[in-house]
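In our numbering, the protein residues as written are 621 to 986.
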């Protein structure tokens, strides 16, 4: 996947001065967590994952810990779901643009994919009529994300209910990637899995908590038959998780608000900087995000896009080009959109990176 091959960690963090490609908050240092791990026994753990962590996750949505399966990050949860529900020739409907795993894993399986395309001109809003129209009796899985990556748009509570109703009226299951749920700018919507037995919610500690290095995610689903299938898939792939990662995740989750509160404050501060910068832009337009830590601005037609990226890279500034999200084939100008992350880098680096984007746009005018 280009998003992984060209990711900052593969490109080389040492080569990047101003990293605005990341879709998460700043990574936390282990020393800042103040954890007690001295008596942790490094044995095989519960294959479903640490019970206490599953209980903590389930309690938030008035669900059972048996409805929760812990996985090494959300990426593993997505792989487990896709490989359990889809076969070669299976039909699915997936929102696009999207996180690459939600697109590439079904392709690798050989699934027949229908795309629910979001459009800049419609403010990247989900078209409920298109959703209802494109679901067929053969559709096995509908894959959506909320808040949306890479645009930062958020589905309303009413639309979430409409989506649940539409999917429940079909033979499909709903995969709802909710990795950025804790980063909504306003109220947080109910967990999709709490609203329907046909919904599967996926999330992790990587994005909102700044802990991608411990590889801890989960899927939540109330369908016992599906959970049994998902557990079997997990056991075939990796048996169980790292008990060290699970213990770190559990202790962090117990004090989640002490982590999330300052993180949300930083996001709010950085977003204000980003918004003021966008108001001054002559060569960029955007759909203002309502959650998460990313946006997906569009470059004006009078800019040489290839030259823009070359100049930007020379300045040591990194963003996520549109082809990471399969946008090049859908637009007249390849990579005219790019994902801009505004809460991983320090505020100072964010400001410098934004200045470099402005410089590169000016220098790349046709």
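No residue lacks a Cβ here, since even glycine has one placed at the ideal position from N, Cα and C.
Residue i, DSSP secondary structure in three states
i	result
residue 785	helix
residue 648	coil
residue 635	helix
residue 778	helix
residue 661	coil
residue 860	coil
residue 837	strand
residue 868	helix
residue 683	coil
residue 831	coil
residue 759	strand
Range covered by the alpha helix (DSSP H) that runs through residue i
i	result
residue 897	876-899
residue 814	812-815
residue 640	Looking at the DSSP string, residue 640 is not in any alpha helix (DSSP H), and its letter there is neither H nor E.
residue 929	925-934
Cut-off 6 angstroms between Cβ atoms - residues of its own chain near residue i, not counting five sequence neighbours on either side
i	result
residue 979	none
residue 932	980
residue 764	715, 796
Contact set for residue i: own chain, Cβ-Cβ below 7 angstroms, skip 5 residues either direction
i	result
residue 905	917, 918
residue 706	712, 726, 729, 731, 760, 761
residue 1001	Because the chain here runs from 621 to 986, residue 1001 falls outside it and cannot be looked at.
residue 956	918, 919, 925, 942
residue 689	668, 669, 838, 839, 847, 850, 851, 854
residue 869	673, 825, 834, 836
Cβ-based neighbour list, residue i, same chain, cut-off 8 angstroms, excluding 5 preceding and 5 following
i	result
residue 863	660, 661, 662, 663, 664, 665, 670
residue 880	802, 828, 829
residue 716	723, 735, 736, 737, 738, 945, 946, 950
residue 903	919, 920, 922, 923, 981, 982, 985
Residues that DSSP places opposite residue i in a beta bridge
i	result
residue 578	Any question about residue 578 goes unanswered here, given that the chain covers just 621 to 986.
residue 750	Its beta-bridge partners do not exist; DSSP assigns none.
residue 915	960
residue 796	764, 821
residue 905	918
Continuous beta strand (DSSP E) stretch holding residue i: start and end
i	result
residue 802	Note, residue 802: premise wrong, no beta strand (DSSP E); not H, not E.
residue 983	From DSSP, residue 983 is part of no beta strand (DSSP E) but of the alpha helix (DSSP H) over 967-983.
CB contact below 8 angstroms: residue i versus chain E
i	result
residue 698	The structure shown contains no chain E, having only a single protein chain.
Q. At what residue ranges does the region 688-747 contain a whole run of the alpha helix (DSSP H), taking only runs of 4 or more?
A. Runs of the alpha helix (DSSP H) lying entirely within the region 688-747 and spanning at least 4 residues, in chain order: 693-705, 721-729.
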